[in-house]
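In the numbering used here, the protein residues as written are 60 to 340. Even glycine gets a Cβ: it sits at the ideal position worked out from N, Cα and C. For reference, the structure is listed below as structure tokens.
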């Protein structure tokens, strides 16, 4: 004779409530760290499996330091308050290389739209601001790896950089914040132009003016008045100022620099988030 079927287990009051009412999705602030972490992990995996981009992008900073930096150190054409010009230049090249990586980050989000990935991300409960923040700080991680390469090249060339761990953490924070802003600027432009070709053209058109319109190559004192005004509203100038203060110990306005970059990154995230839906149509 077969055994009698087992009696069903009693359902708890909590289980009944879940059957009657589905659980509420996690709030956006809880999803933000997970999304940022996931995006950063993706970027690190890309670098792990394909280091070609890392090597090729190290060529240009090395040329700037080897040729431009050492040549202008010899001729002493730019006043740097007694600092060798190659030392003065190194923080500017770190900021430049990070910006060049981040400013074309919008191409990736257009590719994700064309591949159908972006639409899949937008139907998840993840807030759009979390998606953009994750991508922005992923760009920061990628730029941080590039910054480490430039710092090592500068050290080999004899640039007198600090190795204080706290200051290096500050350098990492500055690089990530600056890259977050420029990647959000790129994604904002992507949301306006909706085309990879147009974004490439605009990106190429604004990178050099941003670079030469900052204090990366020369101090504010030697600039004409109109260029000084441009430099004062250029976030890259605040990034370079903070990097020089942390790496070389030169006078800097660290609180102002961090504040400007934080506000710029926050505004960039808000702008890119507002245009993300237009990009996905």
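Between residue 131 and residue 144, the CB-CB gap stays under 7 Å. Closest in alpha carbon position to residue 201, among 236, 212, 184, is 236. The alpha-carbon separation between residue 135 and residue 220 amounts to approximately 20 Å.
With respect to the 7 Å criterion, residue 165 and residue 245 are classified as neighbours on the basis of their beta carbons. Here residue 158 carries a helix assignment [DSSP, helix/strand/coil].
Taken atom to atom, the span from the alpha-carbon of residue 175 to that of residue 311 is near 45 Å. A straight line joining the alpha-carbon of residue 210 with that of residue 178 spans about 39 Å.
Secondary structure of residue 114 (DSSP, three-state): helix. Taking a cut-off of 8 Å for Cβ pairs, the region 145 to 156 and the region 218 to 234 touch, as three or more such pairs fall below it.
Cβ-Cβ distances below 7 Å link residue 157 to 202, 205, 206, 234, 237, 238 in the same chain, with the five nearest sequence neighbours on each side left out; the list follows chain order. In this structure, the straight-line span from the alpha carbon of residue 127 to that of residue 276 is close to 10 Å.
Out of 140, 197, 152, the CA that lies nearest to the CA of residue 168 is found in 197.
Residues of the same chain with their beta carbon placed closer than 6 Å to that of residue 314 are lacking, with the five preceding and five following residues left out of the count. Our two residues, residue 187 and residue 92, have alpha carbons roughly 14 Å apart in a direct line.
Per the coordinates, the alpha-carbon of residue 138 lies some 16 Å from the alpha-carbon of residue 307. Within the same chain, 187, 188, 191 come within 6 Å of residue 332 by CB-CB distance, once the 5 residues on both sides are set aside. Just so you know, the alpha carbons of residue 297 and residue 278 end up roughly 12 Å apart. Setting aside the 5 residues that flank it on each side, residue 242 is surrounded in the same chain by 161, 164, 195, 198, each with a C-beta closer than 6 Å to its C-beta; the list follows chain order. Counted as a single uninterrupted DSSP element, the stretch harbouring residue 164 is not any alpha helix (DSSP H), since DSSP gives it neither H nor E. When the beta-carbon positions are compared, residue 251 and residue 261 stay at least 7 Å from each other.
Here residue 223 carries a coil assignment [DSSP, helix/strand/coil]. Distance between residue 154 and residue 339, taken at the CA atoms: about 31 Å.
Residue range 255 to 271 is occupied by the alpha helix (DSSP H) that includes residue 256. Residues of the same chain with a CB within less than 7 Å of the CB of residue 334, apart from the 5 flanking positions on each side, are 247, 250, 251 in chain order. Under the three-state reduction of DSSP, residue 302 is assigned to helix.
Excluding the 5 residues flanking it on each side, residue 324 has same chain C-beta neighbours closer than 6 Å at 236, 239, 240, in chain order. No residue range can be given for residue 216, since it is assigned to no alpha helix (DSSP H) and is classified by DSSP as neither H nor E.
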